[in-house]
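Below you'll find the structure, written out as C-alpha cells, and then a few comments.
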Amino acid sequence: MLNIKNLSKTYSDGTQALKNINLSLPSGMIGLLGPNGAGKSTLLRTLATLQSPSTGEFTFDKIDAIRHPNALRAQLGYLPQNFGVYPHMSCVSLLEHMAVLKGIRNKKQLQQQIHRLLELTNLTQFANKNVTDFSGGMRQRFGIAQALLGDPKLVIMDEPTAGLDPAERDRLHDLLVTVSKDKLVLLSTHIVEDIENLCHHVALINSGKIIDNGPVQTLIEPLQNKLWLTHEKPTNGDIVLSKSYRYGQPHYRVFSESAPSQEALSINPTLQDRYFFDLTEGSVLPKEALRHAS
774 MLNIKNLSKT
784 YSDGTQALKN
794 INLSLPSGMI
804 GLLGPNGAGK
814 STLLRTLATL
824 QSPSTGEFTF
834 DKIDAIRHPN
844 ALRAQLGYLP
854 QNFGVYPHMS
864 CVSLLEHMAV
874 LKGIRNKKQL
884 QQQIHRLLEL
894 TNLTQFANKN
904 VTDFSGGMRQ
914 RFGIAQALLG
924 DPKLVIMDEP
934 TAGLDPAERD
944 RLHDLLVTVS
954 KDKLVLLSTH
964 IVEDIENLCH
974 HVALINSGKI
984 IDNGPVQTLI
994 EPLQNKLWLT
1004 HEKPTNGDIV
1014 LSKSYRYGQP
1024 HYRVFSESAP
1034 SQEALSINPT
1044 LQDRYFFDLT
1054 EGSVLPKEAL
1064 RHAS
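Residue numbering for the sequence shown follows this note's numbering, beginning at 774 and increasing consecutively.
If you want it as C-alpha cells, here you go:
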C-alpha cells in the first residue's frame, strides 16, 4: 500500500506543481491519468525519491520515504519517460552494470535474474545487441527489464507507451499486466485507453491536484444514464465531452440529465468520458453532486 499525505511541491521559480496530494493506492496496476502539464511527472519523480517534496509525506509498505529514502529505493523500480543509455553497450552488459549499481553482487543470482528478465521482456535473442540500436518498443521493454532488477515491490513508469505503434503497445500491455500481479505498478500516462485497458484503480490529476481516484467502474458510474450520442451540437448549455467523425458525420458525446435532442442515443460511459468531463466541466456541476448523482 502506498500512502501519500498532504504532498506539495513548489519549484524555485514559484511554480506550484503539486497541491496537497492525498492518496492511498493498493497493489496491482494503478493508473495516474492527466493531461500534459498536470503534475504527473513531478509526482512520480517525488515518489521515486529523485526530488524532495516541499511539504507532506508518503510511505510504502510502512517505509517512511522522506526519512528513509534508501530503504524505499531498495524496493523501487523506476522507468522515466525519457532515459539514456551508454553507447556501444549491449543489452545484457548494460543490465549487468545496472544490477551491480542496484546492489546485486552475487554473480549467479545476477545472471539468473537477467536471464529471467530477458525472457519476460522477449529480448533474449537481442541480448548482445546494442541498446542504442533498439526500436522504440524494444527500448521500452529494456527499460522495464532494468526497472525490475532486484525484484522491486513498487514500480513507477512514466508514459511507457508514448510514441509506440499499436503492435508494440499491445506487446507492452501484455508485459505490464504480467509484472503487476505481485507488485504495485504506478503507470502514468495521458493515453486514456491504456489506463482503461490495464488498470483496476485510477487517480485523476489536473493542475497539480487529485480530482478523484478509485476503481474505474466507480469513477464512471456517476455518468451512467447521463451520456448521449448525437449528431447535433447542443445549444442549451449541456456539456460536450468530445467530438469525433464517422463517415464525415460529426458525433458528439454529451453529458446531460436528459436527452439533448430527439435523435440522441443513450450510451454507456467510459473512463475517457470521465476524463474529458473533468477537463471541461469547470464549475458547471460541483464534484460532490457528480459523485452522488444517481
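Note that CB positions come from ideal geometry on N, CA and C, so glycine has one too. Nothing here was measured: the structure is a model prediction, and the numbers come from that model.
Could you have a look at residue i and say whether DSSP puts it in helix, strand or coil?
{"i": "Lys902", "result": "coil"}
{"i": "Thr1003", "result": "strand"}
{"i": "Val975", "result": "strand"}
{"i": "Phe907", "result": "coil"}
{"i": "Ser866", "result": "helix"}
{"i": "Lys926", "result": "coil"}
{"i": "Pro799", "result": "coil"}
{"i": "Leu886", "result": "According to the sequence as given, residue 886 is Gln; it is not Leu. If DSSP states are grouped into helix, strand and coil, Gln886 belongs with the helices."}
{"i": "Ser822", "result": "The question names Ser, but residue 822 is Thr in the sequence shown. The answer is coil: DSSP assigns Thr822 none of H, G, I, E or B."}
{"i": "Ile968", "result": "helix"}
{"i": "Ile917", "result": "helix"}
{"i": "Ser757", "result": "Limits of the chain in this structure are 774 at one end and 1067 at the other, which puts residue 757 out of reach."}
{"i": "Leu896", "result": "coil"}
I'd like the list of long-range same chain contacts for residue i, defined as Cβ closer than 6 Å, with 5 residues on each side in sequence excluded.
{"i": "Gly807", "result": "Lys813, Ile978, Asn979"}
{"i": "Ile984", "result": "Leu977, Asp1051"}
{"i": "Ala844", "result": "Ile836"}
{"i": "Asn901", "result": "Ser863"}
If I measure Cβ to Cβ from residue i and keep anything under 7 Å in the same chain, skipping five residues before and after, which residues do I get?
{"i": "Gly936", "result": "Gly909"}
{"i": "Leu1063", "result": "With a pLDDT of 44 at Leu1063, under the threshold of 50, the predicted position of this residue should be treated as unreliable, though the coordinate-derived value follows. These residues qualify, in order along the chain: Pro995."}
{"i": "Pro1023", "result": "His1004, Lys1016"}
Can you tell me whether residue i is buried or exposed, with buried defined as 16 or more other CB within 10 angstroms of its CB?
{"i": "Arg1019", "result": "exposed"}
{"i": "Leu1144", "result": "Within the shown structure, residues of the chain are numbered from 774 to 1067, placing residue 1144 beyond reach of any answer."}
{"i": "Met774", "result": "exposed"}
{"i": "Lys999", "result": "buried"}
{"i": "Asn986", "result": "buried"}
{"i": "Lys782", "result": "buried"}
{"i": "Pro1033", "result": "buried"}
{"i": "Tyr784", "result": "exposed"}
{"i": "Ser1056", "result": "Confidence at Ser1056 is low in this model, with a pLDDT of 34, below 50, so the placement of that residue is unreliable and no value is reported for it."}
{"i": "Glu1005", "result": "exposed"}
{"i": "Gln886", "result": "buried"}
{"i": "Ala811", "result": "buried"}
{"i": "Ala940", "result": "exposed"}
{"i": "Arg889", "result": "exposed"}
Output the boundary residues of the alpha helix (DSSP H) element that contains residue i.
{"i": "Phe831", "result": "Where Phe831 is concerned, there is no enclosing alpha helix (DSSP H), although the beta strand (DSSP E) it sits in stretches over 828-833."}
{"i": "Gln854", "result": "It is not in any alpha helix (DSSP H) - Gln854 carries neither H nor E in the DSSP assignment."}
{"i": "Arg846", "result": "842-846"}
{"i": "Tyr1048", "result": "1044-1053"}
{"i": "His1073", "result": "What is shown of the chain runs 774 to 1067, which leaves residue 1073 out entirely."}
Going by the DSSP bridge assignment, what does residue i pair with across the sheet?
{"i": "Thr788", "result": "Paired residue(s): none; Thr788 is not in a bridge."}
{"i": "Gly987", "result": "Val975"}
{"i": "Thr962", "result": "Leu806"}
{"i": "Leu780", "result": "Ile794"}
{"i": "Asp931", "result": "Ser961"}
{"i": "Leu775", "result": "Leu798, Phe833"}
{"i": "Leu1038", "result": "Leu1002"}
{"i": "Leu849", "result": "Leu927"}
Check for me: the beta strand (DSSP E) holding residue i runs from which residue to which?
{"i": "Ser1124", "result": "Examination of residue 1124 is not possible in this model, given that the chain is present from 774 through 1067 alone."}
{"i": "Leu1014", "result": "1012-1019"}
{"i": "His1024", "result": "1022-1028"}
By Cβ distance, which residues of its chain are closer than 8 Å to residue i, with the 5 residues on each side in sequence left out?
{"i": "Asn809", "result": "His963"}
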